[in-house]
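Heads up, the sequence shown is in our numbering, so the first residue is 1314 and it goes up one at a time.
Glycine included, each C-beta is placed from N, C-alpha and C at the ideal position.
Report on the following structure.
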Amino acid sequence: MKKTIFFLGVIILSSCSHKQQADMIVHNAVIYTVDSAFSTAESFAVKDGKFIAVGSNDEILKIYESKEIIDAQGKAVYPGFIDSHCHFYGYGKGLQEVELVGTKSFDEVIQKVVKYEATLYSAEVNNPEVKWVIGRGWDQNDWGGTKEFPDNKKLDSLFPTTPVFLQRVDGHAALVNSEALRRAKITADT
């Protein structure tokens, strides 16, 4: 009887340690889960093309086994970049520009450009030879009063050596100062 109980105990214990099968395990990664807390994980398991678990290396490797185990060597893993129409490169580029959408006057545009230009003189980005102030989003139709395009006199007076290029909201017009024209080699004769 003791032997029977012993063997039953061994069977029960061995069945408890049986790992679940996954098609693929990725571990040793920096996984951005994009949950509400934007938490990170180290490992995940996939079965039938779907994530079945995300967690620490210890958790996933203890519970799951797979013929395909990938060591990500500390590289980043993202769940996906899915968007129907964002012009992804343009979106990223736009994050480095002056945002002028919704401005209510040309003076407000100028204020935003002055504030933005001051950040370009930080210790990390102090190279006047390559520095341009680029912005997008102004619309003179939102400024009230006149609907005419402004000239570049204010831009020239405030930014005599810094090229400024400010694209209209629709991308079909731009305000530039004389320094931008000079660097682009645009003259009255070109």
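Helix, strand or coil, according to DSSP, for LYS1360 in the structure here? What you label residue 1360 is simply residue 47 of the sequence shown in a count that begins at 1. The DSSP-derived three-state label of LYS1360 is strand.
Per-residue burial, GLN1453 [other beta carbons within 10 Å of its own, 16 or more giving buried]: Reading the sequence shown from its first residue, position 140 is the one you call residue 1453. Under this definition GLN1453 is a buried residue.
Where THR1416 falls, given that 16 or more other Cβ within 10 Å makes a residue buried: For the purposes of this step, residue 1416 is taken as the residue at position 103 of the sequence shown. Classification for THR1416: buried.
In this structure, what does DSSP give as the bridge partners for LEU1488? Numbered from its first residue, the sequence shown carries residue 1488 at position 175. In the DSSP output, where bridge partners are listed per residue, LEU1488 has LEU1479.
Neighbour-count burial assignment, ARG1449, 16 or more Cβ in a 10 Å radius: The sequence position of residue 1449 within the sequence shown is 136, counting from 1. Buried, because 16 or more other Cβ atoms sit within 10 Å of the Cβ of ARG1449.
Outcome for HIS1504 when other beta-carbon atoms lying within 10 angstroms are tallied against a minimum of 16: Since the first residue shown for the chain is 1314 and the last is 1503, residue 1504 is missing from the structure and cannot be characterised.
Note down, in chain order, each residue of its chain lying with its Cβ closer than 7 angstroms to the Cβ of LEU1481, except the 5 sequence neighbours on either side. In the sequence shown, residue 1481 corresponds to position 168, counting from 1. The sequence shown places Arg at residue 1481, rather than the Leu named in the question. Non-local beta-carbon contacts of ARG1481 in its own chain, meaning distances under 7 angstroms to residues more than five positions away in sequence, involve TRP1451, ASP1452, ALA1487 in chain order.
Check this for me: beta carbons of SER1356 and SER1369, under 8 angstroms apart or not? Along the sequence shown, read from residue 1 onward, the residue named residue 1356 stands at position 43. Along the sequence shown, read from residue 1 onward, the residue named residue 1369 stands at position 56. Less than 8 angstroms divides the Cβ of SER1356 from the Cβ of SER1369.
How many Å lie between SER1491 and ILE1447 at the Cα? For the purposes of this step, residue 1491 is identified with residue 178 of the sequence shown, where counting begins at 1. For the purposes of this step, residue 1447 is identified with residue 134 of the sequence shown, where counting begins at 1. The straight-line gap from Cα to Cα measures roughly 14 angstroms.
Host alpha helix (DSSP H) of GLY1387 (start-end): Working through the sequence shown from its first residue, we reach residue 1387 at position 74. Per DSSP, GLY1387 belongs to no alpha helix (DSSP H) and is neither H nor E.
On the DSSP bridge list, what partners appear for ALA1366? Within the sequence shown, residue 1366 is the residue found at index 53, counting from 1. BP columns for ALA1366 point to ALA1358.
Within 10 Å of its beta-carbon, does LEU1408 have 16 or more other beta-carbons around it, so buried, or fewer, so exposed? Position 95 of the sequence shown, counted from the first residue, corresponds to residue 1408. In this structure LEU1408 is exposed. Its beta-carbon is surrounded by fewer than 16 other beta-carbon atoms within 10 angstroms.
I'd like to know if the stretch 1464 to 1479 and the stretch 1492 to 1501 are in contact, where contact means that at least 3 CB-CB pairs between them fall below 8 angstroms. Yes: the two stretches touch, three or more of their Cβ pairs being nearer than 8 angstroms.
What number of angstroms, rounded off, separates the C-alpha of ASP1336 from the C-alpha of ALA1358? Your numbering for residue 1336 matches position 23 in the sequence shown. Your numbering for residue 1358 matches position 45 in the sequence shown. Cα to Cα, the separation comes out at about 8 angstroms.
Bridge partner(s) assigned by DSSP for ARG1449: Taking the first residue of the sequence shown as 1, we reach residue 1449 at position 136. Under DSSP, the beta-bridge partners assigned to ARG1449 are GLU1412, GLN1480.
What is the DSSP secondary structure of ILE1423, counted as helix, strand or coil? Locating residue 1423 in the sequence shown gives position 110, counting from the first residue. It is helical.
Considering only DSSP beta bridges, list what VAL1347 is partnered with. Taking the sequence shown and counting its residues from 1, the one referred to as residue 1347 is at position 34. Looking at the DSSP assignment, VAL1347 forms no beta bridge with any residue, so it has no partner.
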